[in-house]
Amino acid sequence: PRRVLYIVATGEDALYMLRFDGAFRLLARGGFQASQVYFQKHLIVLVGGTVYGFYDPASNPSSLRLQNKKSPPAGSYEEYLYKIYRRDNKLIYKREDGTVDVPDGWSRFFICQDKIHKVVYSGGMSTFVFKNRKYSYEGEISRIHASADMLVFYIVHARNAHLYFITAEEKVFQLPKITCLKTEGNVAVVSTCT
1 PRRVLYIVAT GEDALYMLRF DGAFRLLARG GFQASQVYFQ KHLIVLVGGT VYGFYDPASN
61 PSSLRLQNKK SPPAGSYEEY LYKIYRRDNK LIYKREDGTV DVPDGWSRFF ICQDKIHKVV
121 YSGGMSTFVF KNRKYSYEGE ISRIHASADM LVFYIVHARN AHLYFITAEE KVFQLPKITC
181 LKTEGNVAVV STCT
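Quick note on numbering: full-length UniProt numbering labels position 15 of the sequence shown as 15, and the sequence is numbered without any gaps.
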């Protein structure tokens, strides 16, 4: 039997879900552009600063429709951490205080220990919570990857970039402009250009 792959691709004006079993087949086209996509059984997308989630869209591709809801006003630490729950074919997010909403005002996100972590870019600063500690950095985070023990991200500044590793300690490296970041376990691969 042939192995089936499900692929989510984002274009300039739409998000596409494809099935590959020797040939590509379009399963669904979402009429929105996502600036960040996370797909491992569940699909989580960042669209216009709002995070949307879909439960197992490969088994129900027609569920790729956005529903706009208003979020309650931002609060404290809890506004950065959400647990992920399923409601029908959608994913919903609950703060530690039990508030349920469709989070908005996000610039990036990362998933760690079964929680989605919000990254907010405001006033020239990127802010997030990792391992119960709040971090703020000057500049907008371009890419961010998390594992249970490590957070890796980079911020591009004019002609160079800063690459950050947060584990039990924090390390920062200045590199030429970073173009790509990929992590697998405790290995990080970084591409740069001069």
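Ideal placement from N, C-alpha and C gives every residue a C-beta, glycine not left out.
Are there 16 or more other CB atoms within 10 angstroms of the CB of V189, so buried, or fewer, so exposed? In the sequence shown, counting from the first residue as 1, residue 189 sits at position 189. Label assigned to V189: exposed.
Compare the beta carbon distance of I155 and S126 with 9 Å and say whether it is the shorter of the two. The count along the sequence shown starts at 1 and reaches residue 155 at position 155. The count along the sequence shown starts at 1 and reaches residue 126 at position 126. Yes, the pair counts as a contact, with Cβ atoms nearer than the cut-off.
Please state the DSSP three-state secondary structure of S59. In the sequence shown, counting from the first residue as 1, residue 59 sits at position 59. In the structure shown, S59 sits in coil (DSSP, three-state: anything other than H, G, I, E or B).
So, under 8 Å CB-CB, S59 and A28 are touching, yes? Tell me the CB distance rounded to an integer number of Å. Residue 59 sits at position 59 when you count from the first residue of the sequence shown. Residue 28 sits at position 28 when you count from the first residue of the sequence shown. That belief does not hold up - the Cβ atoms of S59 and A28 are roughly 12 Å apart, past 8 Å.
By DSSP's criteria, M17 is part of a beta bridge. Which residues make up the other side? Taking the sequence shown and counting its residues from 1, one reaches residue 17 at position 17. In the DSSP assignment, M17 forms a beta bridge with V8, A28.
Which same chain residues end up closer than 8 Å to G89 when comparing Cβ atoms and leaving out the 5 residues on each side of it in sequence? For the purposes of this step, residue 89 is identified with residue 89 of the sequence shown, where counting begins at 1. For the record, residue 89 in the displayed sequence is Asn; it is not Gly. Take N89, set aside five residues on each side of it, and the residues of its chain with a beta-carbon closer than 8 Å to its own are F54, Y55, D56, P57, N60, S63, in chain order.
K118 to R133, Cα distance in whole Å? Taking the first residue of the sequence shown as 1, we reach residue 118 at position 118. Taking the first residue of the sequence shown as 1, we reach residue 133 at position 133. If I take the Cα positions, the gap works out to 13 Å.
Based on DSSP bridge pairs, tell me the residues matched to residue 195. No information on residue 195 is available, as it lies outside the stretch 1 to 194 that the chain covers here.
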